[in-house]
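Notes follow the structure.
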Amino acid sequence: MNGLKVINDTQGHTAGDTAISTVAGCFLRAVRRRFSVYRVGGDEFVIVCRKTSEDEVLALTKKIHELVGETQYSCSIGYSYSADGKKPIDELLSESDAKMYAEKQLYYKEKKALGE
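Encoded structure:
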């Protein structure tokens, strides 16, 4: 999710916990049965999608953005895909992180341009 540190620093950790719970709830509403959602860091989550096409993964990212967009919070999403399921997890996470950080950079650039 974007902006957790600012929420924690300005509104307190209870507000940060509420933000995390709200965003996590959006992820859980967006996923299908065969997907698993994990919180892996303070503001980072991983969703594992088994036996899923890349189009379904892209649809999931769109759905997550829509659901989170209905809240006062935002998130940046990166994903990686392995058609044969044989790509090492470290490589999948590295690819996902690169895409997520690129999206996060755009988010903060836009906020700065808006004077927020």
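Using my numbering, the letters of the sequence shown map in sequence onto residues -13 to 102. Ideal placement from N, C-alpha and C gives every residue a C-beta, glycine not left out. Keep in mind that this is a model prediction, so the values were computed, not measured.
Residue i - partner residues in DSSP beta bridges
{"i": "R25", "result": "F31"}
Endpoints, alpha helix (DSSP H) assigned at residue i
{"i": "E81", "result": "I75 to A99"}
{"i": "T47", "result": "E40 to G55"}
{"i": "K(-9)", "result": "L(-10) to Q(-3)"}
Distance, residue j Cα to residue i Cα
{"i": "S60", "j": "L79", "result": "21 angstroms"}
{"i": "K97", "j": "K(-9)", "result": "15 angstroms"}
{"i": "L92", "j": "R25", "result": "23 angstroms"}
{"i": "Q58", "j": "T47", "result": "18 angstroms"}
{"i": "K95", "j": "L14", "result": "28 angstroms"}
{"i": "V54", "j": "I6", "result": "11 angstroms"}
{"i": "T1", "j": "F21", "result": "It is worth fixing the name first, because residue 1 is Ala in this sequence and not Thr. Spanning the two alpha carbons is a distance of roughly 28 angstroms."}
{"i": "A45", "j": "I(-7)", "result": "29 angstroms"}
{"i": "A88", "j": "H(-1)", "result": "27 angstroms"}
{"i": "E102", "j": "R18", "result": "35 angstroms"}
Distance CB(residue i)-CB(residue j) smaller than 8 angstroms
{"i": "I63", "j": "I50", "result": "yes"}
{"i": "D29", "j": "M86", "result": "no"}
{"i": "V43", "j": "Y67", "result": "yes"}
{"i": "S39", "j": "Y65", "result": "no"}
{"i": "F31", "j": "A10", "result": "yes"}
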